[in-house]
Amino acid sequence: MKSSIATTLLLAITLSVALAQQDLTTSVNNPPSDRESEVPTLNKKQHVVKITGVRFSYPLLQHWIDKFNAEYPDVQVIIESRGSADPSQYDILVEAYPPLDETQKNREYLYIARYAVLPIANSKSSFARVYSDKGLDKELITQLYFHDIYADKEEQKKIKVPFTVYTRLQRAGAPVVFSQFFGYEQKDIKGKAIAGADEHLLKALLRDTTGITYAPLPLLYDQKSTRQLDGITVLPVDLNGNGRVSDDEKFYYALSGVTQRLEEIAPKDIQNIPVEYIHLSVDQKSVSPEALTFLQWVINNGEADLHLFGYLKPEPRKLEREKFDQFAAKRNK
Numbered sequence: 014m015k016s017s018i019a020t021t022l023l024l025a026i027t028l029s030v031a032l033a034q035q036d037l038t039t040s041v042n043n044p045p046s047d048r049e050s051e052v053p054t055l056n057k058k059q060h061v062v063k064i065t066g067v068r069f070s071y072p073l074l075q076h077w078i079d080k081f082n083a084e085y086p087d088v089q090v091i092i093e094s095r096g097s098a099d100p101s102q103y104d105i106l107v108e109a110y111p112p113l114d115e116t117q118k119n120r121e122y123l124y125i126a127r128y129a130v131l132p133i134a135n136s137k138s139s140f141a142r143v144y145s146d147k148g149l150d151k152e153l154i155t156q157l158y159f160h161d162i163y164a165d166k167e168e169q170k171k172i173k174v175p176f177t178v179y180t181r182l183q184r185a186g187a188p189v190v191f192s193q194f195f196g197y198e199q200k201d202i203k204g205k206a207i208a209g210a211d212e213h214l215l216k217a218l219l220r221d222t223t224g225i226t227y228a229p230l231p232l233l234y235d236q237k238s239t240r241q242l243d244g245i246t247v248l249p250v251d252l253n254g255n256g257r258v259s260d261d262e263k264f265y266y267a268l269s270g271v272t273q274r275l276e277e278i279a280p281k282d283i284q285n286i287p288v289e290y291i292h293l294s295v296d297q298k299s300v301s302p303e304a305l306t307f308l309q310w311v312i313n314n315g316e317a318d319l320h321l322f323g324y325l326k327p328e329p330r331k332l333e334r335e336k337f338d339q340f341a342a343k344r345n346k
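Position in the sequence shown (from 1) plus 13 gives the number in the working numbering.
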């Protein structure tokens with residue numbers, strides 16, 4: 014009897030030890046997950062900053078937003094395509110041509126970058142084959158792109174290859190800047206008017222093997238390869254205004270060559286290539302602290318990304334950083 018009880022007790026002790034060892038082994042080999050072990054935290058409500066404006070600037074802006082959000086997770090900056098909504102409903106406006114005087118009175122501007130507007134052709138066209146070598150001088154540009162009732166038809170150059178001009182239908186940055194640079198208005202641009210954004214204009218060009226048009230530099234090169242987009246040929250122009258296009262004015266093979274060349278020339282010396290500012294603006298009275306924080310981040314960090322996206326750096330006098338910093342400090346009090 015005593016032997017039986019002792020045996021049963023020994024088995025119970027052995028089983029208990031085995032189970033304890035099994036639990037210990039399980040806890041070591043299968044520790045609690047990070048999600049199970051972390052202390053629950055409350056999600057803070059994010060402050061939202063809405064941006065709208067010229068569409069071709071969106072890739073650069075989104076790049077900045079992604080980097081900014083990594084540093085400021087409590088501020089959500091988003092881009093909304095401009096529709097029929099009142100621009101005053103947005104925190105930040107981005108535009109590609111000079112503001113109207115009346116509008117400028119109530120807004121604070123930050124000139125963040127410059128962009129060029131270049132003549133282009135469908136790469137499969139006879140026009141691209143001929144004029145990617147000959148290039149375009151001022152007389153030929155105005156003859157190709159603009160209605161001019163005062164032009165002497167007898168003095169116009171003979172163009173022996175077919176071409177079809179495409180232009181933007183709505184008022185927008187690139188056509189306004191392109192036409193004004195050559196002394197015209199957007200309504201004076203010849204050709205088939207395409208509704209939509211600059212991207213729609215490029216699509217129309219790619220569908221027509223006789224097509225020529227104009228477009229902002231940031232849309233014309235592949236970011237990874239830095240080469241011209243498939244199907245598009247950038248046409249060289251008479252950059253120094255001497256009436257002919259020399260070999261050293263044909264620098265459009267890679268994006269880095271374009272930005273470097275246009276930056277090393279004084280703006281007043283650039284001929285036949287319109288260059289204008291991209292600017293961000295906020296309402297002077299209703300601007301939020303979060304919008305100002307984002308714009309100040311752009312001032313301090315954004316310039317390093319400009320060339321990658323096809324923009325030229327702003328002239329130092331245009332940045333007006335000190336003036337904007339003073340405005341931001343005053344608003345944040």
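Ideal Cβ positions, reconstructed from N, Cα and C, are used throughout, including at glycine.
I'd like to confirm the pairing. Which residues does DSSP put opposite residue i in its beta bridges?
i: Asp161; result: For Asp161, which the question treats as bridged, DSSP gives no partner whatsoever.
i: Ala134; result: Ile225, Thr246
i: Ile92; result: Ile64
i: Leu293; result: Val107, Leu123
i: Tyr234; result: Gln241
i: Val178; result: Ile225
i: Val288; result: Ala129
i: Leu325; result: Arg127
Identify whether residue i lies in helix, strand or coil by the three-state DSSP scheme.
i: Gln241; result: strand
i: Ile78; result: helix
i: Lys200; result: helix
i: Ser145; result: helix
i: Tyr128; result: strand
i: Tyr71; result: helix
i: Ile207; result: strand
i: Leu219; result: helix
i: Val52; result: Interpretation of Val52 is limited by its pLDDT of 35, a score under 50 that renders its predicted location unreliable; the figure taken from the coordinates is listed afterwards. Coil at Val52, not helix or strand.
i: Leu113; result: coil
i: Val300; result: coil
i: Ala185; result: coil
i: Ala267; result: strand
i: Lys281; result: helix
i: Leu319; result: coil
Which same chain residues, not among the five before or five after residue i, have their C-beta less than 8 Å away from its C-beta?
i: Ser301; result: His60, Val62, Asp104
i: Leu149; result: Pro132, Leu157, Leu248, Pro249, Val250, Asp251, Val258, Asn285
i: Val190; result: Ala109, Tyr110, Val130, Pro287, Glu289
i: Ile359; result: Nothing about residue 359 can be read from this structure; the chain reaches only from 14 to 346.
Rounded to whole angstroms, what is the Cα-Cα separation between residue i and residue j?
i: Glu328; j: Pro111; result: 15 Å
i: Phe81; j: Phe307; result: 7 Å
i: Tyr71; j: Glu168; result: 43 Å
i: Arg184; j: Gly196; result: 16 Å
i: Gln273; j: Gly323; result: 10 Å
i: Phe337; j: Leu123; result: 7 Å
i: Leu275; j: Ile283; result: 8 Å
i: Arg360; j: Pro229; result: Since the first residue of the chain shown is 14 and the last is 346, residue 360 is not available in this structure.
i: Asp318; j: Phe264; result: 21 Å
i: Val143; j: His76; result: 37 Å
i: Val295; j: Pro188; result: 24 Å
i: Leu74; j: Ala342; result: 23 Å
i: Lys373; j: Gly244; result: Beyond the ends of the chain as shown, which are 14 and 346, falls residue 373; an answer cannot be given.
i: Thr239; j: Ala267; result: 5 Å
Given residue i, which residues of its chain have a CB within under 6 Å of its CB, disregarding the five upstream and five downstream residues?
i: Glu303; result: His60, Val62, Val88
i: Phe176; result: Phe140, Thr223, Ile225
i: Phe194; result: Pro287
Near residue i, what residues of its chain come up, given a Cβ to Cβ distance below 7 Å and the 5 sequence neighbours on each side ignored?
i: Asp47; result: Legend: pLDDT at Asp47 = 38, less than 50; position of this residue unreliable, value from coordinates given subsequently. Counting only Cβ-Cβ distances below 7 Å, and skipping sequence neighbours, we find nothing.
i: Arg344; result: Val300, Leu305
If you measure from the beta carbon of residue i to each beta carbon in chain B, is any gap under 8 Å?
i: Ser94; result: Of the chains in the structure shown, none is chain B; there is only one protein chain.
Answer yes or no: the CB of residue i versus the heavy atoms of the ligand NAD, is any distance below 7 Å?
i: Ala109; result: No copy of the ligand NAD occurs in the structure displayed, which carries no ligand at all.
Cβ contact (3+ pairs, closer than 8 Å) linking the segment 212–221 and the segment 173–180: yes
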